[in-house]
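Residue numbering for the sequence shown follows our numbering, beginning at 1 and increasing consecutively.
No residue lacks a Cβ here, since even glycine has one placed at the ideal position from N, Cα and C.
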Amino acid sequence: MQSAPDRPTTSVTRGGWWWSDLRPLVLRLHFYVGLFVGPFILVAAVTGLLYTITPQLDQILYRDALHVPVGATQLDLSEQVGAAAAAVPGGTVTGIRPPLAPDSTTRVTFDAPGVAEGYGRTAFVDPYTGRVRAVLDTYGEWLPVRAWIDTLHRNLHLGDVGRLYSELAASWLWVLAVSGLALWVVRRRRRGRVRRTLLPEGSARGRSRIRSWHGSVGLWASVGMLVLSATGLTWSNFAGDNVGALRSALSWTTPSVSDELPAGGSAAAPPTAPVTVGTTADRVLAAARDAGISDPVAITPPSEAGHAWQVGQVKRSWPLAQDVVSVDPGSGAILDTVRWTDWPFMAQAAEVGISAHMGILFGIGNQLLLVALALGIVVVVVWGYRMWWLRRPTRPGAAAPGGSQRPGVVSLAVVGAVALGLGFFFPVLGVSLLLFLLVDALTQQFRGRRTAPDAAMSE
């Protein structure tokens, strides 16, 4: 036999009058928003799960491009860049990544005709023989499959319109996690059993069993949901711009090196001939090594005259290494240096959080944790829909989850103020939350008018 529906009234001594007043609204918010946003969160979880395993997919699909037999001596970068340029005619070098390991290839990336916006054409060169093993269109350091899955996760390959899906999912994920956590913990506290809060009830049946698993898994996954939501919003369209503006206002941005060449420096136009680029890269890399910049590194030539080259560490696993220097290409002098330790704490925290979100902070352990979290989110969403199906309305005008109780004026004013504040900083969340409050108020008003005549007739 199914358990009785949640009642809108709870013990005031356990949750306080404010919780007794707000609980029905929170329950309806969790229920209806979950119904609406659940598919978006489900898609984000599945595509995020696929993204998490892309490092292993890359090693399988692009093994010949990534790995070479270890030789005796590596060629100079000038020779490797020359070989890469021959394989990418008409391209301009935009970045060079020396081998990560003795059996790794050198990556030389070009801005080339026919390459999609934001992408580069990368030649993978055997550092011992100079043979180009593959030429692939890459997105930053991501290879084609990873780049495709990354775009799928961010916008479903629908451009700016698709980015609304991911922003909607990231915006509401933390709200659903917090509201669900509040509903679950307060409910279980009334029963006085910690085990029934942390673990599902093995003896429960029917909808009670599903709710037990939904709540317990959601409890364990809630911290991960909050981290994914916070870091995911930094990439979003509207909220991401606001986060960036806030970081700038509070000086939490990632510091950058000055790449202006001093007066009398090598202010000529950036070299474009492959041999010249490669020779300069050798000189610049040697200077960076002397300045303490260790592997893995990325070498970036200037795009305009009067600017220096940059060499920066690109280690995003723990402990992170993000030191970067700007180098005068003519003299090899170090012009400016920014160390990882120079970053503001909040900029470091953001970088650590993003690396964790991408599954690269702690290697395979980070990946396994994200896989478990993604599967947990999938299970929570699916069980949520299963609970809705079991208690779906079977007649018009059936009571909504949380009943028809409306919050008091003070509680509603507080919630409305929070919604307005969120709407300013997180527009997608704020607009949809205000829309929910409006629809909920109208629905409860309509239900109240319908029940009033029924009550009068029964007297």
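Take the Cβ of T341 as the centre, count every other Cβ of all protein chains shown within 10 Å, and call the residue buried at 16 or more, exposed below.
-> Counting Cβ neighbours within 10 Å, T341 comes out exposed, since fewer than 16 surround it.
Supposed close pair P55, P99 - CB separation, criterion 8 Å | Actually they are not in contact, since the Cβ atoms of P55 and P99 sit about 17 Å apart, beyond 8 Å.
S258: which of L75, R23, I334 sits nearest, CA to CA?
-> I334
Looking only at C-alpha atoms, which of V125, T52, L75 sits nearest to A87?
-> V125
Quick one: Cα of P427 to Cα of A374, how far?
-> 26 Å
Quick one: grab the DSSP three-state call for A286.
-> helix
T253 to A350 span [Cα, whole Å] | 9 Å
Can you give the Cα-Cα distance for W148 and L136, rounded to whole angstroms?
-> 13 Å
Those runs of the alpha helix (DSSP H) which lie wholly inside the stretch 47-95 and span at least 4 residues = Listed in chain order, they are 54-61, 63-66, 77-87.
P329 beta carbon near the ligand FMN (any heavy atom closer than 8 Å) = Judged by which ligands are present, the structure shown has none, so any question about the ligand FMN falls away.
CA-CA distance, G353 and T231?
-> 6 Å
Roughly how far, in whole angstroms, is the beta-carbon of A45 from the beta-carbon of I364, given that I think they are within contact range, below 8 Å?
-> About 20 Å separates the CB atoms of A45 and I364; that is not less than 8 Å, and the two are not in contact.
Can you check DSSP and say which residues form a bridge with E260?
-> DSSP links E260 through a beta bridge to H307.
Which residues in the same chain as G292 place their Cβ atom closer than 8 Å to its Cβ, once the five residues preceding and following it in sequence are excluded?
-> D323
Could you check where the beta strand (DSSP E) with A333 kicks off and where it finishes?
-> No beta strand (DSSP E) holds A333; DSSP gives it neither H nor E.
Alpha-carbon to alpha-carbon, V178 and A101 = 44 Å
State yes or no: is the C-beta of G206 within less than 9 Å of the C-beta of W184?
-> Remark: C-beta atoms of G206 and W184 do not approach each other more closely than 9 Å.
Leaving out the 5 sequence neighbours to the left and right, which residues in its chain are closer than 8 Å to R133 when beta-carbon positions are compared?
-> D64, A65, V68, T105, F124, V125, D126
Host alpha helix (DSSP H) of A372 (start-end) = 364-390
Delimiting residues of the alpha helix (DSSP H) encompassing A356 = 345-358
Taking the alpha helix (DSSP H) that V415 falls in, what are its first and last residues?
-> 409-425
Count the other CB atoms within 10 Å of the CB of D440; is the residue buried (16 or more) or exposed (fewer)?
-> buried
Count the other C-beta atoms from every protein chain shown that fall within 10 angstroms of the C-beta of H307, then say buried if there are 16 or more, exposed otherwise.
-> buried
Helix, strand or coil for G430 per DSSP?
-> helix
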